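In my numbering, the protein residues as written are 22 to 221. All C-beta atoms, glycine included, are put in the ideal place defined by N, C-alpha and C. Since this is a predicted model, take the numbers as computed values, not measurements. Heads up: the structure comes next, in structure tokens.
Written out as structure tokens, the structure reads:
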């Protein structure tokens, strides 16, 4: 009995852990494809896909950021580029009357430089999604999303398949066990009835 309970608890933990992984990978995949950050508990998080901030935030890092009221020089912010839906993670290097001037610490030119091929307008607060408060490489998982999207998709499919097969096997075993218990109970009742008949 105790072994069965421990086994069920262990299996439940495995299911929960697997579902968390699948959800995490799926959300990241959708975020990467749609170029939209994921928002949880007031924070957004994204995966850095370029090396423009390599000195402090390597490619594939997960960044967590949130909106604040007052942005300052040296703040690393996330803003939306004027070129489509692309998100940019750069540092504020100056504050002007037109807005914030930004730059990747691995880039030679600021985003607003006239010499920049993809010159951005000065960044106004309404274009900022938030200030980066934390970043992590998370064992290189994020880098896989940048370089190996098909591999991640395959991992999600394989994990989902394994989870389904595992659940199916467990369900079949449980069903058989209940049937056996039911038959055993019926057999016991029949034996009791026979014994009663014999004693009459």
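Between the Cα of residue i and those of the options, spot the shortest distance and give me the residue it belongs to.
i           : options        : result
residue 128 : 207, 76, 85    : 76
residue 259 : 97, 42, 31, 38 : Here the chain comprises residues numbered 22 to 221, so residue 259 is not present and cannot be evaluated.
List the whole-angstrom C-beta distance separating residue i from residue j, where the pair is believed to meet the contact cut-off of C-beta under 8 Å.
i           : j           : result
residue 74  : residue 135 : With 8 Å as the limit, residue 74 and residue 135 do not qualify as a contact, their Cβ atoms being about 22 Å apart.
residue 85  : residue 104 : That pair is no contact at about 24 Å.
residue 113 : residue 139 : The Cβ separation is near 18 Å, so there is no contact.
residue 99  : residue 78  : Actually they do not touch by this definition, with Cβ atoms about 11 Å apart.
So, is residue i buried or exposed, given that buried needs 16 or more other C-beta atoms within 10 angstroms?
i           : result
residue 90  : exposed
residue 118 : exposed
residue 179 : exposed
residue 132 : buried
residue 33  : exposed
residue 202 : exposed
residue 60  : exposed
residue 46  : buried
Looking at the C-beta of residue i, does it have a partner C-beta in chain D at a distance below 8 Å?
i          : result
residue 58 : Annotation note: the requested chain D is absent from the structure, which comprises a single protein chain.
Under 7 Å Cβ to Cβ from residue i, same chain only, skipping five residues before and after it: list those, please.
i           : result
residue 116 : 94
In chain order, what residues of the same chain lie with their CB nearer than 8 Å to the CB of residue i, ignoring the 5 residues before and after it?
i          : result
residue 30 : none
In chain order, each beta strand (DSSP E) run of at least 3 residues that lies wholly inside the stretch 70-119: 83-87, 97-101, 108-116
Unbroken alpha helix (DSSP H) runs of length 4 or more, entirely within the stretch 127-207: which are they? 162-168
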